[in-house]
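K.L.:
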Amino acid sequence: MHRFANPARFLRMSAVILPWSAVSAALFIAAGLYFSLFASPPDYQQGETVRIMYVHVPAAWMALSVYTMIAAASGIALVWKHPLAHIAAKAAAPIGAGFTFIALVTGSLWGKPMWGTWWVWDARLTSVLILFFLYLGHMALMNAFEDSSRGERAAAILALVGFVNVPIIKFSVDWWNTLHQPASILRLGGPTIDQHMLVPLFLMAIGFTVYFVPVLILRMRAELVARKVRIARMARVHAAPDVLRAAPGGTA
Amino acid sequence: MDTVSQYLAMGGYAGFVWPAYGIAAAVMIGLLAQSLSALRARENDLSALGEARDKTGPAER
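Residue numbers (numbering that gives the first Met the number 0), protein chains in the order written: chain A, 0 to 251; chain B, 0 to 60.
Structure follows, in structure tokens:
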């Protein structure tokens, strides 16, 4: 039973964290939206399209940091066999894929008026598209095997190998010529954008980060319950071999 | 009213700014809703299993 000790502690802690994180995510995003859409100036060159930045940049940061979290969880799962690590990686992948999708689509909507094109196959855009496919591949592998522990291992290895893409995305704007602008916030020497634009950007970034917490908890809980269901069904199949013979696959 | 429509026009970029916010909201709210309903579905599965066992005992059915 010691294997379930950690999930039990997780359930207790997450019950406390869940309401607080949900409320603070809503507050940060509401404040972020107010500053993004009302209380910040248009850009002197980009006009009102600069407001796309306040969803695009936080979503892109989340795309990278969720992937980093998945890679870390996968490493922990493979090395220390922590029972929650695979569950955390599995629960986080669709959220990361969602943020990557938002970053790609809002980037496209920003690129059309400012660059004159929805899409270019340059280093930044292509590497983020690859990140999106890595997320999809991770989700597909998780469910690709009858034996779910094989899927978990395969997905964990994909997550670790694919982590090479994260620094490539981060530095793609410095290493290659690209339409995408270089970093203006997370750079040596401090941010180069106006204070009035930093406020909504950081509020939204904090809001997106805190949003990740309750959604991750809900998904991890669902996975823990799904495992319980699987174990209970298996126990019943083993306890009643007649049922198995009468209706193969009916109960499992 | 004029200022409202002027605001909504986003300096002529309404067709880019509003869809960007709309898609972000749709994805994030959709993910939250899907996560909630998945958790509820799994919990229903579990309680259904528990009830079935209470009625027939673990060795039958």
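Just so you know, even glycine gets a beta-carbon here, dropped at the ideal spot from N, CA and C.
1. My output table needs one value for residue 8 of chain A: the three-state DSSP class, helix, strand or coil.
2. Taking only the alpha-carbon atoms, compute the straight-line gap between residue 229 of chain A and residue 28 of chain A and give it to the nearest angstrom.
3. Taking C-alpha atoms, which residue in A:126, A:131, A:6 and A:43 lies nearest to residue 169 of chain A?
4. Which one or two residues does DSSP pair with residue 173 of chain A in a beta bridge?
5. So is residue 50 of chain B in contact with chain A if we call contact Cβ pairs under 8 Å?
6. Where do the ends of the alpha helix (DSSP H) carrying residue 6 of chain B lie?
7. Check for me: the alpha helix (DSSP H) holding residue 183 of chain A runs from which residue to which?
8. Within 8 Å (strictly less), CB to CB, does residue 75 of chain B reach chain A?
9. What residues in the region 28 to 54 of chain A have a beta carbon less than 7 Å from any beta carbon of chain B?
10. Give me the residue from A:173, A:154, A:61 and A:194 with the minimum Cα distance to residue 77 of chain A.
11. From residue 124 of chain A to residue 80 of chain A, what does the alpha carbon distance come to, in whole angstroms?
12. According to DSSP, is residue 51 of chain B part of a helix, a strand, or is it coil?
13. Among the candidates A:220, A:52 and A:122, whose CA atom is the shortest distance from the CA of residue 167 of chain A?
14. Could you check whether residue 62 of chain A and residue 75 of chain A sit closer than 8 Å to each other, using their CB atoms as the reference points?
15. Please report the Cβ distance between residue 217 of chain A and residue 46 of chain B, rounded to the nearest whole angstrom; I am assuming they are in contact, meaning their Cβ atoms lie under 8 Å.
16. What residue range does the alpha helix (DSSP H) around residue 60 of chain A cover?
17. Tell me where the alpha helix (DSSP H) around residue 224 of chain A begins and ends.
18. Counting only C-beta atoms, is residue 104 of chain A closer than 8 Å to chain B at any point?
19. Apart from the five residues on each side of it in sequence, which residues of its chain come closer than 7 Å, Cβ to Cβ, to residue 51 of chain A?
P.N.:
Taking the definition as stated:
1. helix
2. 37 Å
3. A:126
4. DSSP output for residue 173 of chain A lists no bridge partner at all.
5. no
6. 1 to 8
7. Run containing residue 183 of chain A: none; DSSP gives neither H nor E here.
8. Nothing about residue 75 of chain B can be read from this structure; chain B reaches only from 0 to 60.
9. 41, 46, 47, 48, 50, 51 and 54
10. A:154
11. 35 Å
12. helix
13. A:122
14. no
15. Rounded, the Cβ-Cβ distance is 18 Å, inconsistent with contact.
16. 52 to 79
17. 194 to 238
18. yes
19. 105, 108 and 109
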